[in-house]
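Enquirer:
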Amino acid sequence: MTLALSLPFKGERTYLHGTDMYDGTLAALADKAFPIAGRVRLRINQVTRTAVDLLVSQWGEKVTRPEREAASLVVGETAAFLVATDRPVTHRVPYDDAATDAAATIDGDAIRLAAAPRLTSIEALVAITRTLHRTRLPSPGRRWMFTGLDAARPLVAGDAGGATVTLETRLGVALTKSAIVTGSGERLGHIYFSLVDP
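Take a look at the structure:
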C-alpha cells in the first residue's frame, strides 16, 4: 500500500523534521487501521526537502526497499518506508522547540524535562536531546540532528513529562545513542543523533 503524506516544514526549517516523520507515519497507519503496538524502530537516512510517500507492508509481505528511501519506521509487524518524491512541501507550521529549554535541567550527561510541554512526546524528547548535545558536544559549523529511535512501544502523551535522556554512547565522531527513561521510571529505549553539515 502506498500513501501520500502531507508533512509540513517546521518553523524556518527547509527540510522535513524527524518528529513529523514519526508522528505523521503513526497517524497514517492508525488511520488505515494498521496495528500500532509493539517495538518501534525509526531510522532517518537523509535530510529530505520534498514531500514523501509512505510505502507500507505487513509481516510476511515481500517488499523491495525503495531507492529513494528517506526513512523507515517499523512498529510491531508493520514496516513503513518514507520515500522522497519530486513533489514540493506545500505548507509550514510554527514551531518553538526551544521552549522546552526553560523546563529542562542538565546534570552531567543527562537532561531532565520537569513537566510535559505543549509538544508531542517525540517533539519534546528530540528537543531536549538536541539541547543536551549542543551543551555537552558542541560542534561549531555542524549540527546535531535526530536520526533514530528504538523504543519498546509507541510513545504516548505524557511520556516526555519528567523524562530523562542520558547520553550513553558516542559511536565514532558523528553518531550518538542516548537512553530514554520516562518520568515514571520506565526504560523506554534509545534515541539516536547524528552530526551533519548545515
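Residue 41 is where the sequence shown starts when you use the working numbering, and the numbers rise one by one after that. Ideal Cβ positions, reconstructed from N, Cα and C, are used throughout, including at glycine.
Take the Cβ of ARG132 as the centre, count every other Cβ of all protein chains shown within 10 Å, and call the residue buried at 16 or more, exposed below.
Expert: The sequence position of residue 132 within the sequence shown is 92, counting from 1. So ARG132 counts as exposed.
Enquirer: Output the distance between the C-alpha atoms of ALA68 and LEU56, rounded to the nearest integer angstrom.
Expert: Start at 1 with the first residue of the sequence shown, and residue 68 comes out as number 28. Start at 1 with the first residue of the sequence shown, and residue 56 comes out as number 16. Rounded to the nearest angstrom, the two C-alpha atoms are 16 Å apart.
Enquirer: Measure the alpha-carbon distance for ILE151 versus ARG170 and round it to whole angstroms.
Expert: For the purposes of this step, residue 151 is identified with residue 111 of the sequence shown, where counting begins at 1. For the purposes of this step, residue 170 is identified with residue 130 of the sequence shown, where counting begins at 1. Going by the C-alpha atoms only, they are around 10 Å apart.
Enquirer: Taking the beta carbon of PRO157 as the centre, do at least 16 other beta carbons fall within 10 Å, making it buried, or is it exposed?
Expert: As a working note, residue 157 is residue 117 in the sequence shown. Buried: at least 16 other Cβ atoms inside 10 Å.
Enquirer: Which word fits MET41, buried or exposed, when buried means at least 16 other C-beta atoms lie within 10 angstroms of its C-beta?
Expert: The residue given as residue 41 occupies position 1 in the sequence shown. Exposed, because fewer than 16 other Cβ atoms sit within 10 Å of the Cβ of MET41.
Enquirer: What span of residues does the beta strand (DSSP E) with THR175 cover, start to end?
Expert: For the purposes of this step, residue 175 is taken as the residue at position 135 of the sequence shown. From DSSP, THR175 is part of no beta strand (DSSP E) but of the alpha helix (DSSP H) over 161-176.
Enquirer: Compare the Cα-Cα distances from ALA44 to each of LYS72, ARG53, ALA138 and report the closest residue.
Expert: Reading the sequence shown from its first residue, position 4 is the one you call residue 44. Among LYS72, ARG53, ALA138, the Cα nearest to that of ALA44 is on LYS72.
Enquirer: Just to check my reading of the structure: VAL129 and MET185 have Cβ atoms closer than 8 Å, yes? What is that Cβ distance to the nearest angstrom?
Expert: Sequence index remark: in the sequence shown, residue 129 carries index 89 (1-based). Sequence index remark: in the sequence shown, residue 185 carries index 145 (1-based). Wrong, their Cβ atoms sit about 17 Å apart, outside the cutoff.
Enquirer: Report buried or exposed for VAL205, applying the criterion of at least 16 other Cβ atoms within 10 angstroms of its Cβ.
Expert: As a working mapping, residue 205 is identified with position 165 in the sequence shown. Buried, by the Cβ-count rule.
Enquirer: From the DSSP output, in three-state form, read off MET26 for me.
Expert: Given a span of 41 to 238 for the chain in the structure shown, any question on residue 26 remains unanswerable.
Enquirer: Taking only three categories from DSSP, how would you classify ALA138?
Expert: Translated into the one-based positions of the sequence shown, residue 138 becomes position 98. Helix at ALA138.
Enquirer: How about ALA144: is its Cβ closer than 7 Å to a heavy atom in the ligand PLP?
Expert: This structure does not include the ligand PLP; it has no bound ligands of any sort.
Enquirer: Give the secondary structure of ASP63 by DSSP, where H, G and I count as helix, E and B as strand, and everything else as coil.
Expert: The residue you call residue 63 lines up with position 23 of the sequence shown. Helix.
Enquirer: Can you name, in chain order, every residue of its own chain whose Cβ lies under 7 Å from the Cβ of GLN86, other than the five neighbours on each side?
Expert: The residue you call residue 86 lines up with position 46 of the sequence shown. Correct list, in chain order: ALA110.
Enquirer: Would you kindly work out how many angstroms separate the C-alpha atoms of VAL221 and THR140, rounded to a whole number?
Expert: To locate residue 221, count along the sequence shown from 1; it is residue 181. To locate residue 140, count along the sequence shown from 1; it is residue 100. Each residue's Cα considered, the two are about 17 Å apart.
Enquirer: Within the continuous beta strand (DSSP E) that includes GLY188, where are the two ends?
Expert: Counting from 1 along the sequence shown, the entry for residue 188 is found at position 148. Segment 183-191, the beta strand (DSSP E) holding GLY188.
Enquirer: Check the DSSP bridge columns for GLY78 and list the partner residues they point to.
Expert: The sequence position of residue 78 within the sequence shown is 38, counting from 1. GLY78 is not bridged to any residue.
Enquirer: Write down every uninterrupted run of the beta strand (DSSP E) in the segment 184-236 whose length is 3 residues or greater and which is fully enclosed by it, in chain order.
Expert: Counting whole runs of 3 or more residues, the segment 184-236 contains the beta strand (DSSP E) stretches 204-211, 215-221, 227-236.
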